[in-house]
Amino acid sequence: MLRPSTFSVAAVDRHTGDVGVAVQSKFLSVGAMVPWVRAGVGAVATQAFCNTSFGPQGLDLLASGSSPDDVTVALVRDDTGRDDRQFGLVDMRGRAATYTGAACIGYAGGITGDGFAAQGNCLASAAVVDALATVFASSRGHLADRLVAALRAAQAEGGDKRGQQSAALIIERPGGGYAGFNARAVDLRVDDHATPIEELARLLEMHKLYFFAAQAHEIVPIDEPLGREIASELRRVGALDLDGPYDERVHRALVTFMHVENLENRVRDDGTIDAQTLNYLRTFKRTA
Numbered sequence: 019m020l021r022p023s024t025f026s027v028a029a030v031d032r033h034t035g036d037v038g039v040a041v042q043s044k045f046l047s048v049g050a051m052v053p054w055v056r057a058g059v060g061a062v063a064t065q066a067f068c069n070t071s072f073g074p075q076g077l078d079l080l081a082s083g084s085s086p087d088d089v090t091v092a093l094v095r096d097d098t099g100r101d102d103r104q105f106g107l108v109d110m111r112g113r114a115a116t117y118t119g120a121a122c123i124g125y126a127g128g129i130t131g132d133g134f135a136a137q138g139n140c141l142a143s144a145a146v147v148d149a150l151a152t153v154f155a156s157s158r159g160h161l162a163d164r165l166v167a168a169l170r171a172a173q174a175e176g177g178d179k180r181g182q183q184s185a186a187l188i189i190e191r192p193g194g195g196y197a198g199f200n201a202r203a204v205d206l207r208v209d210d211h212a213t214p215i216e217e218l219a220r221l222l223e224m225h226k227l228y229f230f231a232a233q234a235h236e237i238v239p240i241d242e243p244l245g246r247e248i249a250s251e252l253r254r255v256g257a258l259d260l261d262g263p264y265d266e267r268v269h270r271a272l273v274t275f276m277h278v279e280n281l282e283n284r285v286r287d288d289g290t291i292d293a294q295t296l297n298y299l300r301t302f303k304r305t306a
């Protein structure tokens, strides 16, 4: 019997429309089984003796207008394995529900709050779920950062008592995917790693660099000293032949460098540069 003994958070940010799931388990590729997310609808995390059909079924029921509590009743009503199941779900209104079957391996339980459902089984103690819920509810910022912070807090309390192996983070938002062609804003998985949450956090920082839009406070005007610094850095990294003032030649070299380094989403043509690109250029190391 496969049991993804796991802790997870399903959550929504009603201000941005982001909805997602973060999960960790001593189980290979937990991201292939536990998280189910649909933009504009909600999220489901299904675990323990995992019934993966609960993901799409739960999302369909949420899409039809059912409340998370009603979805919970519907999912377990005819499920003969209900005592071995655990799941949590949240809708776009922030309503949430969590379910833990009577036969789930202890410690097992869940907590819901405004905009989230936190749950886990085969845990070191009840403090793991408490940390999941407390840190998520009290944190601020992007939903992705809040979800990873919750996982880290839960792991600090002992996490899955068998250890660590895999983690995942999925977030959707209408038009939130690459170039707006789909809704998958974040889709990161660590399938087998000694410290999967920390690896997930590292990947998230890379994802934010490549795909998150710069905030207003991160935009830096390119004045004369900064322009000369940019030209000098571009020459250092081999993207420009000669130093000089920030002119069209230097701007073209910067844009080319950004495309080569997959920073095309950060290209700006208004005489500014964002702090992330500037830091990337300043710290870039050429490879042989």
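Using this note's numbering, read the sequence shown as starting at 19 and increasing by one per residue. Even for Gly, the Cβ is constructed at its ideal location relative to N, Cα and C.
- Taking 8 Å as the cut-off, the Cβ atoms of D148 and S43 do not count as close.
- In the DSSP assignment, A29 falls outside any alpha helix (DSSP H) and lies within the beta strand (DSSP E) extending over 24-31.
- Counting of Cβ neighbours within 10 angstroms places A293 among the exposed residues, the total staying below 16.
- Nearest Cα to Y117 within the set V94, H277, D31: V94.
- In the three-state reduction of the DSSP assignment, F134 falls in the strand class, which pools E and B.
- The C-alpha of R111 is placed about 19 Å away from the C-alpha of S156.
- Non-local beta-carbon contacts of L222 in its own chain, meaning distances under 8 Å to residues more than five positions away in sequence, involve A162, D163, V166, L187, V204, L206 in chain order.
- Rounded to the nearest angstrom, the Cβ distance from V108 to A28 is 5 Å, consistent with a contact under 8 Å.
- With a 10 Å radius around the Cβ and a threshold of 16 neighbouring Cβ atoms, M276 comes out buried.
- Secondary structure of D102 (DSSP, three-state): helix.
- Cβ contact annotation for H225 (same chain, cutoff 7 Å, sequence separation greater than five): V204, L206, in chain order.
- In the three-state reduction of the DSSP assignment, P192 falls in the coil class, being assigned neither a helical nor a strand state.
- Per DSSP, the continuous alpha helix (DSSP H) segment holding D148 begins and ends at 144-156.
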